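Take a look at the structure below.
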Amino acid sequence: MTNGAQALMKTLVDAGIEVCFSNPGTSEMHFVAALDGEPKMRAVLALFEGVATGAADGYARMADKPAATLLHLGAGLGNGLANLHNARKGKVPIVNIVGDHATHHVQYDAQLQSDIETVARNVSPGFVRAARSTATLCQDAAEAIAAARTLPGQVATLILPADVSWGEGGVASSPLQPASPRAADKAAVEAIAAAIRSGESVALLLGGRALREPALLAAARIAAHYGVTLFAETFPTRMQRGAGLPAVERLAYLAELASVQLTNIEHLVLVDAKAPVSFFAYPGKQSDLVPETCRVHTLAAPDQDVMDCLVKLSEVVESHEAKPTLQAAKRPGRPKGRLTAEKVCKAVGHLLPENAIIVDESITSGLMLSVMTAGAPPHDLLTLTGGAIGQGLPNAVGAAIACPDRPILALIGDGSAMYTIQALWTMAREQLDVTTIIFNNASYSVLNIELERVGAQQAGKKARSQLDLNGPVISFAQLAQGMGVHGVNVDTAEGMVRALEYALSNPGPHLIEAMIPESLSGMKRKILPWMLRALPSLPLPVTRALKKKLAP
C-alpha cells in the first residue's frame, strides 16, 4: 500500500512542485525514502536550514511558483526562520514542510519536542496546519499549496508527524486552484486618474509584481504622458532592469534620503507596495516617510491583479499609446588601480552578461551597483526584502536551480556571507552556474554607520569590537575551496576584472573575494550623521545633489 509520504510526494508533483530543498532528520525519513519513487521531484540538500529556506525563496522568485522545503522539527524550523521571514516580507510562495514527532510520542516531551505551530506562525500567519492522519494528509497538502500560490503569495507551513508519514493507505489529492486575484477597483482608478490629471505632482511607488517588464512598461507610459515620477520600493523581491527597460529610482535605505526623494510629492500611488516607513526608529525622527502634505492612494493591493489595475488606469488617463522612456544601453569603462567597492560594482557593470540574475546583499559596499548596472543588458535583481541578512547566497542557489540557463551573480557582504556560508557546498554539489563576489572589508560597516545615526555616544573599544571582523580577517577564497568552489582573492581592479571574466566564461560555481576598504569610513562616516541631520534645513536642489552623491 502507498504510505503517507509517497502519496504526499505525488500530491506535490501533480501540483507543479518540482524541487524540495531539504535538511532532514529522523522524523522525515519516510519522506526522504519517497523521493526515490518520484522522478519528477528534484531533491537539493542544504547543510543548514537557513540555506534550504533561502534557496526556496530564490527559486520561487524566479520560477514564479513554489518549491518545498523539508525541515527537521521545531529546532530545524527555528534555524530556517530568518529566510522564511524574508520570504514572507517579499510575498514569496513556499510550501514549508516541517517534520514532527509521531503523534503518540508527543506526550513524552522528548528532547526535540517543541511547539512548532507557534514558531511557524511568525512566518506563516496565513496558513499553518498540522496533518492529523494519513487519510487527510494530502488534502492538507493540496490546501497548503493553493494557499502558497494565492496572491499575494505566502509561506504555507505543513507540519508532518512521523506516523502520518509512515502510515499506510495514503491517497494523493488533485491540485486545487488558487483563489483568483481581485480586479481593479473602479473608484480607486478614477480617483487616481483625477489626481494625475490635476497637474499636481504624482509618484507611483512600484513593488512586487509591478517591477516586472509588462507592468513597468505600463507604468512608464503613464509617467511619460503626464510627467509622473516612478519609484521602486527599497528592497524589491524581483526587479527587471537594464537597457531597453524603464529606469525606476529605488527609494533610499537611509530614511533622511528617502524623505528627500518624496519631498514635494502631493499624491503617492501604491502599486503592489506599502507606504514607505523608516527601516528603524531613530531618536527625534519620524518613522512615517510620507510627507504630511502628501495624499496616499492604493491602485493595486498585494491581492489584486497588478496588470489589470495598471491597464485600467492607462485606459482612463489615455496613456496606453504613449511612448515610455527607456534606459539607454551604456556600460562603465574597465576599472583600474587599487580595488574599492565602487570599482567592484564598475567591473560588474562592465562585464554583466545578458539575461543575468543579480542577487544583491552587498549592504554598504553595493551603494554604486545600481548606477553601474543601469545601462547593462537586461537582467533581474533580487534583494534583501525582509532585512534579515544571510539571504543572498541561498537565494543564488534557488535562482540557479530555477533558471539553469542564466548566469547568476551574487554580491555579498562579508558579514552577511558568514550567516549562510554553507550554501557554497550546495552550489558545488549541484554544479550551479553562480559567481559569488564577497566584499571583504573586515567590518559590519552598516552597523558602524547606524551606531552614529541612533545617537549612541562615546562608543569605545569594546563597543567598536562588536562591529568589526578584523580579528582574524576571514579568508573566503579558502573557505570556498574547502567546499568545492573555485575561489580567488583579488585586491586590484585589474585582478577583479580578470577573475570575473574567467568566472563568467567557465561553467560552475566560482567565488571572488574582493579585498576592499570600507565604502563609508573615517571622516566620511563621522560627517554622514551630521549631514543627514542637516538635510531638512538645506535647499532642495542641494539635498537632491547630496542624495545622488550618497545613494545614486
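Going by the working numbering, the first residue of the sequence shown is number 546, and it counts up by one from there.
Note that beta-carbon positions come from the ideal geometry of N, C-alpha and C, so glycine has one too.
These figures come from a predicted structure and were not determined experimentally.
Cβ-heavy atom distance, residue i to the ligand ATP, below 7 Å
i           : result
leucine 992 : Of the ligands one can find in the structure shown there are none, so the ligand ATP has no counterpart to examine.
Bridge partners - residue i, DSSP secondary structure assignment
i                 : result
proline 706       : Asp645
glycine 570       : None; glycine 570 has no bridge partner.
phenylalanine 776 : Leu750 and Glu794
isoleucine 902    : Asp925 and Ile953
isoleucine 1057   : Ile982 and Val1033
glutamate 713     : Asn548
leucine 696       : Bridge partners of leucine 696: none, in fact.
methionine 784    : Leu926
histidine 812     : Val747 and Arg840
arginine 674      : Leu703
glutamine 849     : Arg727
valine 822        : Asp833
arginine 1013     : For clarity, residue 1013 is aspartate in the given sequence; the question names arginine instead. Paired residue(s): Ser988.
Best match in the options for proximity to residue i [C-alpha to C-alpha]
i               : options                             : result
valine 524      : Leu855, Arg783, Ala797 and Pro781   : This structure cannot settle anything about residue 524, because the visible part of the chain is limited to 546 through 1097.
threonine 843   : Met1060, Ala933 and Ala820          : Ala820
glutamate 758   : Arg783, Leu914, Val773 and Glu866   : Arg783
glycine 599     : Met972, Gln976, Lys1093 and Pro939  : Pro939
leucine 756     : Val577, Trp711, Leu926 and Gly932   : Leu926
glutamine 551   : Ala578, Ala560 and Ser567           : Ala578
proline 781     : Leu896, Val793 and Met972           : Val793
aspartate 1108  : Ala941, Pro1054 and Glu906          : Because residue 1108 is not part of the residues shown, which for the chain are 546 to 1097, the question remains open.
alanine 605     : Gln872, Val841, Arg754 and Thr971   : Arg754
aspartate 978   : Thr1037, Thr965 and Pro898          : Pro898
threonine 838   : Arg974, Ser572, Leu557 and Glu745   : Glu745
alanine 818     : Glu778, Ala717 and Gln967           : Glu778
isoleucine 562  : Leu762, Pro869 and Met586           : Met586
valine 734      : Ala1004, Ser567 and Lys857          : Lys857
arginine 633    : Val589, Gln699, Met963 and Pro1052  : Gln699
asparagine 568  : His1055, His630, Ala1008 and Ala968 : Ala968
glycine 625     : Val640, Thr648, Val596 and Leu1049  : Val596
asparagine 1077 : Arg876, Met852, Gly671 and Ala800   : Looking at the sequence itself, residue 1077 is leucine, so the reference to asparagine does not match. Here the closest residue by C-alpha is Ala800.
glutamate 713   : Gly549, Gly829, Leu762 and Ser572   : Gly549
proline 638     : Gly621, Gln658, Arg694 and His649   : Arg694
isoleucine 690  : Ala680, Ser710 and Ser719           : Ser719
glutamine 806   : Ala826, Leu775, Pro828 and Gly829   : Leu775
alanine 588     : Ser572, Thr571, Val558 and Lys610   : Val558
aspartate 853   : Ile903, Asp730 and Leu896           : Asp730
valine 564      : Val1042, Thr571, Glu583 and His575  : Glu583
leucine 1095    : His895, Ser1064, Leu1085 and Val816 : Ser1064
proline 791     : Phe824, Phe825 and Leu751           : Leu751
proline 869     : Ala760, Pro877 and Asp850           : Ala760
leucine 590     : Ala1044, Trp711, Cys683 and Val942  : Val942
histidine 812   : Thr547, Ser823 and Val841           : Val841
alanine 1025    : Pro1017, Ala1004 and Arg974         : Arg974
alanine 765     : Glu1039, Met913, Ala728 and Leu871  : Leu871
asparagine 809  : Leu1091, Pro836, Cys683 and Gly570  : Pro836
alanine 845     : Thr930, Ala732, Pro1097 and Met546  : Ala732
Other residues of its chain near residue i: CB distance less than 6 Å, five sequence neighbours each side excluded
i              : result
methionine 607 : Ala944, Ala947 and Cys948
alanine 874    : Ala788 and Gly920
tryptophan 970 : Leu592 and Met1028
glutamate 662  : Val673
glutamate 1058 : Ile983, Asn985, Phe1021, Ala1022 and Asn1034
threonine 1037 : Leu884
histidine 770  : Ser864 and Ala867
lysine 1093    : none
Beta-carbon proximity list for residue i, same chain, < 7 Å, skipping 5 on both sides
i               : result
asparagine 1015 : Ala987
glycine 623     : Val664
valine 773      : Ile741, Val747, Ala748, Leu749 and Ile767
leucine 696     : Pro726, Pro847 and Asp848
alanine 803     : Leu796, Ala797, Pro821 and Leu834
alanine 655     : His646
alanine 962     : Leu938, Ile983 and Phe1021
valine 651      : Gln658
Own chain partners of residue i with C-beta closer than 8 Å, once the 5 adjacent residues on each side are dropped
i               : result
methionine 1041 : Pro880, Leu884, Lys888, Val889, Ala892, Val1035, Ile1057 and Ala1059
alanine 620     : Leu657 and Ser659
proline 952     : Pro898, Asn900, Ala901, Ile902, Asp978, Thr980 and Leu1049
Do the stretch 1005-1023 and the stretch 978-989 make contact, defined as three or more Cβ pairs closer than 8 Å?
yes
Inside the stretch 617-660 only - alpha helix (DSSP H) runs reaching at least 4 residues:
618-624 and 626-634
At least 3 beta-carbon pairs within less than 8 Å: the stretch 782-797 vs the stretch 908-928:
yes
I want to know whether the stretch 725-739 touches the stretch 667-684 - three or more CB-CB distances under 8 Å.
no
So within the stretch 929-1002, which uninterrupted beta strand (DSSP E) runs reach at least 3 residues, ignoring any that extend past its ends?
Whole beta strand (DSSP E) segments, 3+ residues: 953-958 and 979-985.
4 or more residues per run - each alpha helix (DSSP H) lying fully within the stretch 549-615
549-559, 574-579 and 594-608
I'd like to know if the stretch 886-900 and the stretch 857-869 are in contact, where contact means that at least 3 CB-CB pairs between them fall below 8 Å.
no
Whether or not the stretch 608-617 and the stretch 631-645 are in contact is what I'm after, with contact meaning three or more pairs of Cβ atoms, one per stretch, closer than 8 Å; do they touch?
yes
Segment contact flag, the stretch 673-680 with the stretch 700-712, C-beta cutoff 8 Å, min 3 pairs
Contact holds: three or more Cβ-Cβ distances are below 8 Å.
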